[in-house]
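According to the working numbering, the residues represented by the sequence shown are 809 to 897, in order. We put the CB at the ideal spot given by N, CA and C, even for glycine. Please read these numbers as outputs of a predicted model, since none were measured by experiment. Here's the structure we're looking at; comments come further down.
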Amino acid sequence: ILKIDMHFLDGEDTSDRGNNILHSVVRMAEELQTPVITEGVETQHQVEFLRQIGCHCVQGYYYSKPVAVHVYERLQEADGGMEFQCPAI
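Now the structure itself:
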């Protein structure tokens, strides 16, 4: 599993260079059949960008602050599942 940290980019206004790096890393991981999760996602802009480049497993304050497992499970049940579905890891 490859975990990418969004904090190496400049928040909402990600640079073209930073976007290209992220896109290349996700594409390379996909070619190697390596699951990718991106952490530190805080904005709708980042969510849309990650979807566009093929990263569908994300975590960050955009969705929720860190919570205990039992709280997460209740949120999943109440919400009918999160917007992103991570591949089986």
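For Val875, does the three-state DSSP call read helix, strand or coil? Position 67 of the sequence shown, counted from the start, is the residue given in the question as residue 875. Correct three-state label for Val875: coil.
On the three-state DSSP scale, how would you describe Val849? Taking the sequence shown and counting its residues from 1, the one referred to as residue 849 is at position 41. Val849: coil per DSSP, three-state reduction.
Contact check, Val849 vs Tyr871, beta carbons under 9 Å: Reading the sequence shown from its first residue, position 41 is the one you call residue 849. Reading the sequence shown from its first residue, position 63 is the one you call residue 871. Yes, they are a contact pair.
Contacting residues, own chain, Cβ-Cβ under 6 Å from Thr842 (five flanking each side not counted): In the sequence shown, residue 842 corresponds to position 34, counting from 1. Closer than 6 Å at the Cβ level, and outside the excluded window around Thr842, lie Leu810.
Where does the unbroken beta strand (DSSP E) through Leu810 begin, and where does it stop? Walking along the sequence shown from the start, residue 810 turns up at place 2. Looking at the DSSP string, the run of the beta strand (DSSP E) that includes Leu810 is Leu810 to Asp813.
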